[in-house]
Amino acid sequence: MEVTNVTEYQAIAKEKLPKMAYDYYASGAEDQWTLAENRNAFSRILFRPRILIDVSKIDMSTTVLGFKISMPIMIAPTAFQKMAHPEGEYATARAASAAGTIMTLSSWATSSVEEVASTGPGIRFFQLYVYKDRNVVAQLVRRAERAGFKAIALTVDTPRLGRREADIKNRFVLPPFLTLKNFDGLDLGKMDQANDSGLASYVAGQIDRTLSWKDVKWLQSITSMLILVKGVITAEDTRLAIQNGAAGIIVSNHGARQLDYVPSTIMALEEVVKAAQGRVPVFLDGGVRRGTDVFKALALGASGIFIGRPVVFSLAAEGEAGVKKVLQMLRDEFELTMALSGCRSLKEITRDHIMTEWDAPRTLPAARINEEGRKALTDLDEEKRFRSEAVEELERKEEEFVANESEL
Numbered sequence: 001m002e003v004t005n006v007t008e009y010q011a012i013a014k015e016k017l018p019k020m021a022y023d024y025y026a027s028g029a030e031d032q033w034t035l036a037e038n039r040n041a042f043s044r045i046l047f048r049p050r051i052l053i054d055v056s057k058i059d060m061s062t063t064v065l066g067f068k069i070s071m072p073i074m075i076a077p078t079a080f081q082k083m084a085h086p087e088g089e090y091a092t093a094r095a096a097s098a099a100g101t102i103m104t105l106s107s108w109a110t111s112s113v114e115e116v117a118s119t120g121p122g123i124r125f126f127q128l129y130v131y132k133d134r135n136v137v138a139q140l141v142r143r144a145e146r147a148g149f150k151a152i153a154l155t156v157d158t159p160r161l162g163r164r165e166a167d168i169k170n171r172f173v174l175p176p177f178l179t180l181k182n183f184d185g186l187d188l189g190k191m192d193q194a195n196d197s198g199l200a201s202y203v204a205g206q207i208d209r210t211l212s213w214k215d216v217k218w219l220q221s222i223t224s225m226l227i228l229v230k231g232v233i234t235a236e237d238t239r240l241a242i243q244n245g246a247a248g249i250i251v252s253n254h255g256a257r258q259l260d261y262v263p264s265t266i267m268a269l270e271e272v273v274k275a276a277q278g279r280v281p282v283f284l285d286g287g288v289r290r291g292t293d294v295f296k297a298l299a300l301g302a303s304g305i306f307i308g309r310p311v312v313f314s315l316a317a318e319g320e321a322g323v324k325k326v327l328q329m330l331r332d333e334f335e336l337t338m339a340l341s342g343c344r345s346l347k348e349i350t351r352d353h354i355m356t357e358w359d360a361p362r363t364l365p366a367a368r369i370n371e372e373g374r375k376a377l378t379d380l381d382e383e384k385r386f387r388s389e390a391v392e393e394l395e396r397k398e399e400e401f402v403a404n405e406s407e408l
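Residue numbers (UniProt numbering): 1 to 408.
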């Protein structure tokens, strides 16, 4: 079967992967309402395309934290990629580099920062979980910097692991032939079997629940890499992130895997963008499956988007070639959406190109308001005059009737 869109890779991955691995990648927290809403919310945003614009040349390139990339579509951090394919993060890194875009490596990768760097040149970010042992964190951050990683995506929404019921049912644990490669040699690379989810037990034992805004400052003191705060969905936390030195914000609900019944990221995006006031770039992950989704996110103020599940599903299906195809399909769809909306560059994508369910009713252009307003006033005057004449006629007939009665 020829794959013609990103979503089709999920069914292929489900057939190929062991149930425990597929469920780990595919599932969300508790009722999985937010998991569905991350997708459904995009469908409630409609386009207002402009016409008769020369779109023979379209430029999708952009700059992220000073780094030039070919398109505003980047790869989000996803853990344990060698569960999906033997080449795992190696394949993903090569695909991102070939597409001219950014790959973000997970702390819980099954390939180390050094191994991923060895795949060749590329712009790479490193996603960071903060462990209770800060020496472990400091070592890992310095290793990432030495390996050429350009920024840290600090995950801030995981003081505890969300309740992922599929993982509990499956007694999820990392397969014995895999380790968390960044932690080999630190007695932290293995995940023990547990009564529910091995990952939940690992997080409970290792991840620091005391993480606070002061730790953003601490990270800045040990690295020259820029820090993105990943997991922001409110204006309040946006302002705090900026006050504490974040170089950028990633609007994320962790793929709907942490707290259920939070808004979809596309619904939360505009609130965050408005609070940021252009002081730092705002990015989005969660639910992006079409080039139209990319356009909608940019129209709401995002500087770019990250994709996660499409990467692991395509990796499971076709390895590096699958990841390359996903990036190319999204690029092609996004370019088509730009052309059909009348946009030749990212800066031409504006809020006016979309309409959302929370928009106020759109007013007519001023010239049309004046013209239609004058017509409405004229019609109103005519109605008043007609009613006045009708009242006068009734009064005259009533007077005639009274006069006739008195004569009788």
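Glycine included, C-beta positions come from ideal geometry on N, C-alpha and C. Note that this is a predicted model, so its numbers are computed, not measured.
If I measure Cβ to Cβ from alanine 79 and keep anything under 6 angstroms in the same chain, skipping five residues before and after, which residues do I get?
Excluding residues within five positions, the ones whose Cβ falls inside 6 angstroms are Ser106, Trp108.
By Cβ distance below 7 angstroms, which residues in the same chain neighbour leucine 259 in space, the five residues on each side in sequence not counted?
Closer than 7 angstroms at the Cβ level, and outside the excluded window around leucine 259, lie Ala29, Gly162.
Going by beta carbon distance, what residues of the same chain come within less than 6 angstroms of methionine 338, once the five residues before and after it are set aside?
Once the five neighbours on either side are set aside, the close Cβ partners of methionine 338 are Ile58.
With burial defined as no fewer than 16 other Cβ atoms inside 10 Å of the residue's Cβ, what is the status of lysine 230: buried or exposed?
It counts as buried.
Taking the alpha carbon of tyrosine 24 as the point to measure from, which residue in Arg331, Leu199, Ser341 has its own alpha carbon closest?
Nearest C-alpha to tyrosine 24: Leu199.
Could you give the first and the last residue of the continuous beta strand (DSSP E) run that contains aspartate 285?
Unbroken beta strand (DSSP E) run through aspartate 285: 282–285.
Apply the 10 Å Cβ neighbour rule to alanine 96 and answer buried if 16 or more other Cβ atoms are within range, or exposed otherwise.
The residue in question, alanine 96, is buried, as its Cβ has 16 or more Cβ neighbours within 10 Å.
Assign tyrosine 131 to one of three DSSP states: helix, strand, or coil.
Of the three classes helix, strand and coil, the one that applies to tyrosine 131 here is strand, per DSSP.
Can the beta-carbon of glycine 255 be found less than 8 angstroms from the beta-carbon of glycine 308?
Contact: yes.
Cα separation between glutamine 220 and phenylalanine 283?
The straight-line gap from Cα to Cα measures roughly 20 angstroms.
Going by alpha carbons, who is nearest to alanine 302 out of Glu318, Ala275, Glu270, Arg279?
Looking at the Cα atoms, Glu270 is the closest of the given residues.
Using the beta-carbon count (16 or more within 10 Å), is phenylalanine 177 buried or exposed?
Flag for phenylalanine 177 reads exposed.
So what's isoleucine 250 in DSSP terms, helix, strand or just coil?
In this structure, isoleucine 250 counts as strand in the three-state DSSP scheme.
Give the single residue among Ile349, Arg257, Lys19, Gln10 whose Cα lies nearest to the Cα of asparagine 170.
The shortest Cα separation from asparagine 170 among Ile349, Arg257, Lys19, Gln10 belongs to Lys19.
Which residues share a DSSP beta bridge with arginine 124?
DSSP output for arginine 124 lists Met103 as bridge partner(s).
What distance in whole Å lies between the Cβ atoms of methionine 74 and isoleucine 102, which are believed to be in contact at a cut-off of 8 angstroms?
4 angstroms between Cβ atoms; contact.
Classify alanine 26 as helix, strand or coil using the three-state DSSP reduction.
It is helical.
Give the straight-line distance between the Cα atoms of phenylalanine 295 and alanine 91, rounded to the nearest whole angstrom.
Computed Cα separation, rounded: 27 angstroms.
Does the Cβ of leucine 199 lie closer than 7 angstroms to at least one heavy atom of the ligand COA?
The ligand COA is absent from the structure shown, which contains no ligand whatsoever.
Compute the distance between the beta-carbons of threonine 350 and alanine 299, then report whether it is under 8 angstroms.
Contact flag set, yes.
Within 10 angstroms of the Cβ of leucine 346, are there 16 or more other Cβ atoms? Answer buried if so, exposed if not.
By the neighbour-count rule (16 or more Cβ atoms within 10 Å), leucine 346 is buried.
For glutamate 89 versus serine 111, is the C-beta distance shorter than 8 angstroms?
Yes, Cβ-Cβ distance for glutamate 89 and serine 111 is below 8 angstroms.
Buried or exposed: alanine 241, going by 16 or more other Cβ atoms within 10 Å of its Cβ?
Alanine 241 comes out buried.
Which residues in the same chain have their Cβ closer than 6 angstroms to the Cβ of alanine 41, if we skip the five residues on either side of it in sequence?
Here the set comprises Ser264, Ile266, Met267.
In the structure shown, what three-state DSSP assignment does glycine 185 receive?
If DSSP states are grouped into helix, strand and coil, glycine 185 belongs with coil.
Report the partner residues of phenylalanine 306 according to the DSSP bridge assignment.
DSSP lists Met74, Asp285 as partners of phenylalanine 306.
Can you give the beta carbon distance from serine 252 to glycine 286, rounded, assuming they're within the 8 angstroms contact cut?
Contact flag correct, Cβ pair sits at about 6 angstroms.
Can you say whether proline 49 is buried or exposed, counting buried as having 16 or more other CB atoms within 10 angstroms of its CB?
Burial call: exposed.
Is it the case that the Cβ atoms of isoleucine 233 and isoleucine 45 are separated by a distance below 8 angstroms?
Against a cut-off of 8 angstroms, the Cβ pair of isoleucine 45 and isoleucine 233 comes out as no contact.
Using C-beta distances below 7 angstroms, list every residue in its chain close to alanine 276, excluding the 5 sequence neighbours before and after it, in chain order.
Excluding sequence neighbours, alanine 276 sits near Thr238, Ile242, Ile249, Val282.
Under the rule that 16 or more other beta-carbon atoms within 10 Å means buried, what is glutamine 81, buried or exposed?
Answer is buried; the Cβ neighbour count reaches 16.
To the nearest whole angstrom, what separates the beta carbons of arginine 164 and serine 27, a pair I think is in contact under 8 angstroms?
The Cβ separation is near 6 angstroms, so the contact holds.
Which value, in whole angstroms, describes the spacing of the CA atoms of glutamate 236 and leucine 128?
Roughly 22 angstroms separates the two Cα atoms.
Using the three-state DSSP reduction, which class does alanine 84 fall into: helix, strand or coil?
Three-state result, alanine 84: coil.
Residues bridged to valine 64 by DSSP?
Note: valine 64 sits in a beta bridge opposite Phe67.
Could you give the DSSP three-state label for phenylalanine 42: helix, strand or coil?
Three-state result, phenylalanine 42: helix.
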